[in-house]
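Each number in the working numbering corresponds to the 1-based position in the sequence shown with 13 added. Think of the CB as a built atom: it goes at the ideal place given N, C-alpha and C, for glycine as much as any other residue. Note that the structure is a prediction, hence the values are computed from the model and not measured.
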Amino acid sequence: MQDLDKKILFIGGKGGVGKSTSAAAIAWKSAKEGNRTLIISTDPAHNIGDIFENEIGGEIKKVADKLFALEIDPDMETEKYIKSVKENIKGIVQSSMMEEVHRQLDTAKASPGADEAALFDKLIAIILEERSKFDRIVFDTAPTGHTIRLLTLPELMGIWIEGLLQKRQKINENYTQLLNDGDPIEDPIYDVLKERQGKFSKAREVLLDPKQTGFIFVLNPERLPILETEKAIKLLDKYHLHVKTLIVNKVLPEDVDGVFFEKRKAHEKRYLSMLENTFKKQELVYVPLFSGDITNKRQLEKMSDYYTKG
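This is the structure we're talking about:
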């Protein structure tokens, strides 16, 4: 897996395909090879703590030698995000309007996309601030649709902020002309927007750099995960985010016995063929179905053996 050499890895996929265990195994292998590694879960249904048999939470915590973990709580990040917006508008909005503005912001917490925006703010902070402290950062993301919205935000938010900046600039220019003294006016809102634009730009630069960042999708040899992954790859391609590696998880071993498993194996072969025909541009890494769940470090070690650098 060439993507294992990347500084930042995003592991995505449909719910239930073994995405979190794959992310944990990749992070485990990275740490075992001597890389100071941070694994981050952005999936609200956090599984990383269970896998590492450790309470993790919202602070970076050491879970093994050279391996650290962090679970991001979208609700908590949304609270922080709204609080920071309230701080930014202090002194900008008239005191008589503050109560109504705060009410509107509190309502916005429940609006569609609020958690993604807050989560992306946290993700930007991690990418820009933590990457100097770690050799590798592995993101265990939420199921596919959520991941796509998260990863495409830099482009969408960048366009939106650029539009807002142009409007603020036009207002400021008109206001300066009205004052008729030619001096530019101070605009704290413009300054805040400009700062956010700079952060989005830096984060987008990192995400689009194939030397730094890799995108890996996990799927099972079944019809729906194949179709969903194909759609996700095509959509991310439009945003210049290219998925080059797929982990085909839970493949039945060759030595299965019994009539049921033989029939299932024959059924699976059709989907393995479909996989190879559908994803000719991607590197396919096959991981077998294990007899039990991956629930501890010893089993994780066994799973990580399948992620070899190609």
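Review point. What are the partner residues of F230, as DSSP defines its beta bridges?
Key: G25 and L259
Review point. What is the rounded straight-line gap between the Cα of K180 and the Cα of L240?
Key: 42 Å
Review point. Thinking C-beta only, is Y284 closer than 8 Å to V298?
Key: no
Point to revise | N- and C-terminal bounds of the beta strand (DSSP E) containing E84 | key: L80 to E84
Point to revise | Residue environment, V256, which counts as buried when at least 16 other CB atoms sit within 10 Å | key: buried
Review point. Based on the DSSP secondary-structure assignment, which residues constitute the bridge partners of F152?
Key: F23 and I53
Practice item. Report the rounded CA-to-CA distance for I95 versus E142, giving the unit in angstroms. Key: 21 Å
Check your understanding: Does DSSP put L265 in a helix, in a strand, or in coil?
Key -> coil
Review point. If you draw a straight line from the alpha carbon of V261 to that of V300, how long is it in whole angstroms?
Key: 6 Å
Check your understanding: Who are the near neighbours of N60 in its chain, counting only those whose CB is closer than 6 Å to its CB and skipping five residues on each side?
Key -> S33
Exercise for review: For G271, count neighbouring C-beta atoms within 10 Å of its own C-beta (all shown protein chains included) and say buried if the count is 16 or more, exposed if not.
Suggested key: exposed
Practice item. Using a threshold of 8 Å, state whether the C-beta atoms of V30 and L232 are closer than that. Key: yes
Check your understanding: Hey, I69 and I150: beta-carbon distance below 8 Å or not?
Key -> no
Point to revise | Residue nearest to S317 in terms of C-alpha spacing, selected from A38, I24, D18 and G28 | key: A38
Practice item. Measure the CB-CB distance between F213 and F23 and report whether it falls below 8 Å. Key: no
Check your understanding: Cα separation between T242 and A82?
Key -> 26 Å
Review point. Can you tell which of N48, G26 and E90 has its C-alpha closest to the C-alpha of L235?
Key: Looking at the sequence shown, residue 235 is not Leu but Glu. Here the closest residue by C-alpha is G26.
Practice item. Quickly, what does DSSP pair P301 with across the bridge? List them, please. Key: V264
Exercise for review: If I'm right that L80 touches A44 with Cβ under 8 Å, what's the distance once you round it to whole angstroms?
Suggested key: 4 Å
Check your understanding: Would you say S35 and E84 are within 8 Å of each other, going by their C-beta atoms?
Key -> no
Practice item. Could you check if P266 is buried or exposed, using at least 16 other CB atoms within 10 Å of its CB as the buried criterion? Key: exposed
Point to revise | Rounded straight-line distance, which links the Cα of F274 to that of T91 | key: 46 Å
Point to revise | Exposed unless 16 or more other CB atoms sit within 10 angstroms - verdict on L259 | key: buried
**Study point:** Contact check, F147 vs R49, beta carbons under 8 Å
**Key:** yes
**Study point:** Residue interval of the beta strand (DSSP E) (run including V76)
**Key:** K74 to A77
Check your understanding: Among F303, E66, L221 and P87, which has the Cα closest to the Cα of L254?
Key -> L221
**Study point:** D63 and T308 closer than 8 Å at C-beta
**Key:** yes
**Study point:** Distance, I73 Cα to I16 Cα
**Key:** Sequence check: residue 16 is Asp here, not Ile. The straight-line gap from Cα to Cα measures roughly 24 Å.
Review point. E46 by DSSP, collapsed to three states: which one?
Key: coil
Check your understanding: For F314, which residues does DSSP report across the bridge?
Key -> Per the sequence presented here, residue 314 reads as Glu, with Phe not at that position. Partner(s): none; E314 has no beta bridge.
Review point. Helix, strand or coil: how does DSSP classify E235 here?
Key: coil
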